[in-house]
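Comments concern the structure below.
Protein chains in written order, with the numbering used here: chain L, 5 to 117; chain D, 2 to 116.
As structure tokens, this is what we get:
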């Protein structure tokens, strides 16, 4: 069955500190992996995506993610967090023949001064 | 250009009433998706439209839910005889094509509250 697990419901980091958000997936075919960010009252914005090739992908706003097939993981990282990064982050998996994405339950990021 | 728009942004309705939620996708996008986001939950897929093909309704939770897409553009999600458990944010997304390799662009959502 297809599923995405984001084990951290809420993470608090200090501004300027590094960040890693965890994502594990289960998918029966070659996965396409996505990270979306949702600010309060806003829709979801795509941060980055992985389809194939280099397993380290760069996204917008200084985010990157690494695909590890052996661990079924696609963790999101940022070396230095800004206060404006406070939001909800969703990991999602899909595939070439899939009609929809499967989303995790999200990780809420709080940034403290 | 304009993104995905949804209306209304908020809707409060009484239990048992019917509601209609509207989605205007990005012009030229052939694929349209509806998702539901309940408190503390991820996004739950509801229905998918691709061009003139029959929609994928596999995510609709009950026969009280239906959706249509007119002229390959605007879509309306209808919930009949609303229940309190229908309270959620309903998100619409569109993509250039229906393949999983195309980015889905999301609207701001409609927050539905059933009292």
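Using N, Cα and C, we set each Cβ at its ideal position, and we do this for glycine too.
Review point. Based on the DSSP secondary-structure assignment, which residues constitute the bridge partners of residue 98/L?
Key: 36/L
Exercise for review: Could you tell me whether the Cβ of residue 54/D comes closer than 8 Å to any Cβ of chain L?
Suggested key: no
Exercise for review: With distances taken Cα to Cα, identify the nearest neighbour of residue 94/D among 63/L, 27/L, 48/L and 55/L.
Suggested key: 48/L
Exercise for review: Could you have a look at residue 53/L and say whether DSSP puts it in helix, strand or coil?
Suggested key: strand
Check your understanding: Cα separation between residue 114/D and residue 38/D?
Key -> 12 Å
Review point. Does residue 143/L come within less than 8 Å of chain D when only Cβ atoms are used?
Key: Since the first residue shown for chain L is 5 and the last is 117, residue 143/L is missing from the structure and cannot be characterised.
**Study point:** Identity of the residue in 54/D, 116/D, 60/D and 13/D nearest residue 71/D by Cα
**Key:** The residue among 54/D, 116/D, 60/D and 13/D with its C-alpha nearest the C-alpha of residue 71/D is 54/D.
Practice item. Please name the residues in the stretch 92-109 of chain D whose beta-carbon is closer than 9 Å to at least one beta-carbon of chain L, in chain order. Key: 92, 93, 94, 99, 100, 101, 102, 104, 105, 106, 107, 108 and 109
Point to revise | Residues, ordered as in the chain, of the stretch 102-114 of chain L that lie near chain D by beta-carbon distance below 9 Å | key: Taking 9 Å as the Cβ-Cβ cut-off, the stretch 102-114 of chain L approaches chain D at 102, 103, 104, 105, 106, 107, 108, 109 and 110, given in chain order.
Review point. Going by the CB atoms, is the gap between residue 50/D and residue 76/D shorter than 8 Å?
Key: Yes. Within cutoff.
Practice item. State the DSSP-derived secondary structure class of residue 24/L, mapped to helix, strand or coil. Key: strand
Point to revise | Through-space distance from residue 98/D to residue 68/L, alpha-carbon basis | key: Their backbone Cα atoms lie some 25 Å apart in a straight line.
Review point. Who are the Cβ neighbours of residue 41/L in its own chain at under 6 Å, not counting the five residues just before and after it?
Key: Setting aside the 5 residues that flank it on each side, residue 41/L is surrounded in the same chain by 49, 51, 91 and 93, each with a C-beta closer than 6 Å to its C-beta; the list follows chain order.
Exercise for review: Can you grab the Cα-Cα spacing for the pair residue 79/D / residue 63/D, in whole Å?
Suggested key: Approximately 12 Å between the Cα atoms of the pair.
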